[in-house]
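For reference, the structure discussed in these notes is given below.
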């Protein structure tokens, strides 16, 4: 897939969505594990299954419904991704970021990316929420690999302050207002779908990672390439501590994500209200 083709496919997807609704979003929200129910709180203008949109990849991960919701939430015009796709599902990094690129060309210039993550920082606890300050691309791939199309951004985009400083401050302000103890740190993108080994967890901790997950970073890179503002938030669903005897199972991760969901959704709504 060449970059020129990518741009044309993005425009085809945008045209299809606009044929269904004239609604123009201002904020894109990617809902990770446990946050799917937030889509039901949107005053909907349109709801489109991913499978109907040209070139859109389909979600296969548990807890990811695979629907695009357009409407209003907390007085903001939002584009909500009820589920995302991951590299481990068999898609290329370029395909993984296709949905957020479409969202940008639909009109959204600010994005809130949410996910579930394992905690590496010993001060964290399962069930908490982490504000992303930076990332480590531990996956060995990049969605910008290949020929660059200047209509999507520059050849060598800078990733300093990949997460928007003003949005980070806004999230801190909302957390204080809601009396929410917010963890902060560096998110490491791990390919998956196997969970990390003890040795990998030790390496990541030594590198300065505070949490590990299988998403988010490719979308951050693609959105910063486009020039969008990005905020990253993760539910810490388990403690990925190499010294522990037991590693959380997929079911346990989803259970913690669902239990934390109401607090996380209230936090995201609070951030939206203050934007």
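In this note's numbering, the protein residues as written are 2 to 276. For glycine and all other residues, C-beta sits at the position ideal for the given N, C-alpha and C.
Task: Residues that residue 77 bridges to, as DSSP identifies them - done: Among the bridge pairs identified by DSSP, residue 77 is matched with 74.
- [ ] Tell me, please, which residues DSSP counts as bridged to residue 280.
- [x] An answer regarding residue 280 cannot be provided, because it is not within the stretch 2 to 276 covered by the chain.
Open item on the list: If you reduce the DSSP assignment to three classes, tell me which class residue 28 lands in.
Closed with: Correct three-state label for residue 28: strand.
Open item on the list: So, does the region 37-44 touch the region 72-87, judging by three or more C-beta pairs under 8 Å?
Closed with: The count of Cβ pairs closer than 8 Å, one atom from the region 37-44 and one from the region 72-87, reaches three, so the stretches are in contact.
- [ ] Using the Cα positions of residue 272 and residue 240, report the straight-line distance between them to the nearest angstrom.
- [x] In a straight line, the C-alpha of residue 272 is about 26 Å away from that of residue 240.
- [ ] Compute the distance between the beta-carbons of residue 103 and residue 14, then report whether it is under 8 Å.
- [x] One thing to note: residue 103 has its Cβ within 8 Å of the Cβ of residue 14.
Task: N- and C-terminal bounds of the alpha helix (DSSP H) containing residue 166 - done: Residue 166 -> alpha helix (DSSP H) spans 166-178.
Task: Pair within 8 Å by beta-carbon distance, residue 222 and residue 189 - done: The answer is no: Cβ separation not under 8 Å.
Open item on the list: For residue 105, which residues in the same chain have their Cβ closer than 6 Å to its Cβ, ignoring the five residues on either side in sequence?
Closed with: So the qualifying residues of the chain are 227 and 229.
- [ ] Inspect the beta-carbon positions of residue 26 and residue 107 and report whether they are closer than 8 Å.
- [x] Yes.
Open item on the list: Beta-carbon within less than 7 Å of residue 75's beta-carbon, same chain only, minus the 5 sequence neighbours each way: which residues are those?
Closed with: Counting only Cβ-Cβ distances below 7 Å, and skipping sequence neighbours, we find 270, 273 and 274.
Open item on the list: Can you tell me whether residue 112 is helix, strand or coil according to DSSP?
Closed with: If DSSP states are grouped into helix, strand and coil, residue 112 belongs with the strands.
- [ ] Note down, one range per segment and in chain order, each alpha helix (DSSP H) of at least 4 residues found wholly within the region 201-276.
- [x] Entirely contained in the region 201-276, the alpha helix (DSSP H) runs reaching 4 residues are, in chain order, 218-227 and 251-275.
Open item on the list: One question on the structure: do residue 233 and residue 114 come within less than 8 Å of each other, judged by their Cβ atoms?
Closed with: Yes; because the gap between Cβ atoms is below 8 Å, this pair is in contact.
Task: Reference residue 263; option with closest CA among 193, 85 and 236 - done: Measuring from the Cα of residue 263, the nearest candidate turns out to be 236.
Open item on the list: Since residue 219 and residue 94 should fall inside the 8 Å C-beta cutoff, what is the C-beta to C-beta distance between them, to a whole number of angstroms?
Closed with: Rounded, the Cβ-Cβ distance is 5 Å, consistent with contact.
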